[in-house]
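Enquirer:
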Amino acid sequence: MANVTGTSAQVARSATALAGKTTIQDAVVAKIAGIAARDVDGVYALGGGAARALGAIRDAFNSTDLTQGISVEVGEKQVAVDLTIVTEYPTPLQKVADDVRAAVYRAMEDLVGREVAEVNITVDDVHVPSDDVQPEQQQAPEQQEPRVR
Numbered sequence: 057m058a059n060v061t062g063t064s065a066q067v068a069r070s071a072t073a074l075a076g077k078t079t080i081q082d083a084v085v086a087k088i089a090g091i092a093a094r095d096v097d098g099v100y101a102l103g104g105g106a107a108r109a110l111g112a113i114r115d116a117f118n119s120t121d122l123t124q125g126i127s128v129e130v131g132e133k134q135v136a137v138d139l140t141i142v143t144e145y146p147t148p149l150q151k152v153a154d155d156v157r158a159a160v161y162r163a164m165e166d167l168v169g170r171e172v173a174e175v176n177i178t179v180d181d182v183h184v185p186s187d188d189v190q191p192e193q194q195q196a197p198e199q200q201e202p203r204v205r
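Start counting the sequence shown at 57; every next residue gets the next number (our numbering).
(1) Taking the CB atoms as reference points, tell me whether Val-142 and Val-179 lie closer together than 9 Å.
(2) Could I get the ranges of all uninterrupted alpha helix (DSSP H) runs contained in the region 132-199, with 4 residues as the minimum, in chain order?
(3) DSSP three-state call for Val-130: helix, strand or coil?
(4) Whose C-beta lies closer than 7 Å to the C-beta of Ala-159 among residues of the same chain, with five residues either side of it excluded?
(5) Per DSSP, what kind of secondary structure is Ala-75 in: helix, strand or coil?
(6) Give me the residue from Ala-101, Val-182 and Arg-170 with the minimum Cα distance to Leu-149.
(7) What residues match up with Ala-101 in a beta bridge as DSSP calls it?
(8) Quick check: what's the CA-CA separation for Thr-140 versus Thr-78?
(9) Check whether the Cβ atoms of Thr-123 and Ala-153 sit closer than 9 Å, and answer yes or no.
(10) Specify, as a first and last residue, the run of the alpha helix (DSSP H) that Val-85 falls within.
(11) I need the straight-line Cα distance from Ser-127 to Ala-136, nearest angstrom please.
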């Protein structure tokens with residue numbers, strides 16, 4: 057025979073009835089925003105030139121900074137996020153920015169549980185795939201086809 061100690065209503069108290077305070081650090085909110093932004097198609101990287109250079113060094117040591125290019129302000133009920141991104145060429149810049157904004161809004165509301173005051177996005181650069189070609193992979197000048205005929 058089962059030993060019943062109380063009804064489910066008595067055992068499961070509502071979250072609003074429980075006392076205490078939850079503090080969410082800015083770095084946690086920035087990391088969640090960074091993860092959400094990186095998952096958007098058309099985003100090549102986060103951060104401006106200097107931040108990306110430092111990020112490349114971190115990546116070489118397998119220590120990616122998920123908050124790179126992101127600043128946040130976290131209040132009791134609201135959060136504001138500023139992001140700097142690099143987009144992939146030829147993705148439409150406004151579409152990428154809109155998609156990043158929507159992803160960050162969802163993450164802040166769903167995961168952080170705060171209302172979003174604003175999400176500001178700065179497009180710092182556009183990554184062109186040909187920029188990834190290593191110098192030794194490029195043709196020597198005498199082997200290149202003439203630019204004009």
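For every residue, glycine included, the Cβ atom is placed at its ideal position computed from N, Cα and C.
Here the structure is a predicted model, which means the values were calculated and not measured.
Expert: In brief:
(1) Closer than 9 Å, so yes.
(2) You should have 149-163.
(3) strand
(4) Cβ neighbours of Ala-159 beyond the five flanking positions: Ala-92, Ala-93, Asp-95 and Val-96.
(5) coil
(6) Val-182
(7) Val-142
(8) 29 Å
(9) no
(10) From DSSP, the alpha helix (DSSP H) with Val-85 extends over 82-94.
(11) 8 Å
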